[in-house]
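Chemist:
In the numbering used here, the protein residues as written are 498 to 661.
(1) Sorted by chain position, which residues of the same chain lie with C-beta nearer than 6 Å to residue 545's C-beta, five sequence neighbours on each side aside?
(2) For a test of the three-state rule: what should DSSP assign to residue 582, helix, strand or coil?
(3) Under 8 Å, do residue 642 and residue 598 count as touching if we go by C-beta distance?
(4) Is the stretch 534-554 touching the stretch 622-640, taking contact as three or more C-beta pairs under 8 Å?
(5) Going by DSSP, name the residue or residues bridged to residue 626.
(6) Judging by CA-CA distance, which residue of 593, 514, 520 and 647 is the nearest neighbour of residue 575?
(7) Among 501, 639 and 556, which one has its Cα closest to the Cα of residue 601?
(8) Locate the alpha helix (DSSP H) running through residue 517, then write down its first and last residues.
(9) Got a sec? Which residues, its chain only, sit under 6 Å from residue 537 by beta carbon, not counting five neighbours each side?
(10) Taking just the CA atoms, how far does residue 527 sit from residue 504?
(11) With three or more beta-carbon pairs closer than 8 Å as the criterion, would you say the stretch 506-513 touches the stretch 643-653?
(12) How about residue 577 and residue 556: are their beta carbons less than 8 Å apart?
(13) CB residue 663 to CB residue 591, shorter than 8 Å?
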């Protein structure tokens, strides 16, 4: 079905892009921390490196969570679900994903509320608008929402066993 195909392609494209962004974020964090150590030991300490590393960690963590969700590597308690018959297991898994979608949507909504409240605040050392720092929160939940919709569509059209 076309819906399944295109939704899967969107989910895969987002995943492909986020892998690269997370990689760059981690590399940036390593460079920032290395500069902090080198300059603290041999020169005058740089004031922005610790803050840059912290913000890169936040972005990498939230975006990394989308990678885990896409691959079904998030934490889940499946002991009871695994004992259920296949039809009931599928229903419970769909319910679990649907509840996750509500959570993702709520977090994205309040993430944008946070951005609106912090839109004029600047970070202390980098002087970046905090709205760009906080943008990683709702963006990651939107991506997880898209991945969740894709999981539901795959389960409904029964493209293999999908675990929540």
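A virtual CB, placed ideally from N, CA and C, is assigned to each residue, including glycine. Here the structure is a predicted model, which is why all the values come from computation and not from measurement.
Modeler: Straight from the coordinates:
(1) A distance below 6 Å between beta-carbons, with the five flanking residues on each side excluded, links residue 545 to the following residues of its chain, in chain order: 622 and 623.
(2) It is coil, neither helix nor strand.
(3) With contacts defined as CB atoms closer than 8 Å, residue 642 and residue 598 qualify as a contacting pair.
(4) With the cut-off at 8 Å, the stretch 534-554 and the stretch 622-640 touch.
(5) Per DSSP, the beta bridge partners of residue 626 are 619.
(6) In terms of CA proximity to residue 575, 593 leads the group 593, 514, 520 and 647.
(7) Selected option, being the one with the closest Cα: 639.
(8) Segment 499-539, the alpha helix (DSSP H) holding residue 517.
(9) Correct list: empty, nothing qualifies.
(10) Whole-angstrom Cα-Cα distance: 34 Å.
(11) The stretch 643-653 and the stretch 506-513 touch, with three or more beta-carbon pairs separated by less than 8 Å.
(12) Pairing residue 577 with residue 556 gives a Cβ-Cβ distance that is not under 8 Å.
(13) The chain is shown only over 498 to 661; residue 663 falls outside these bounds and no answer can be derived.
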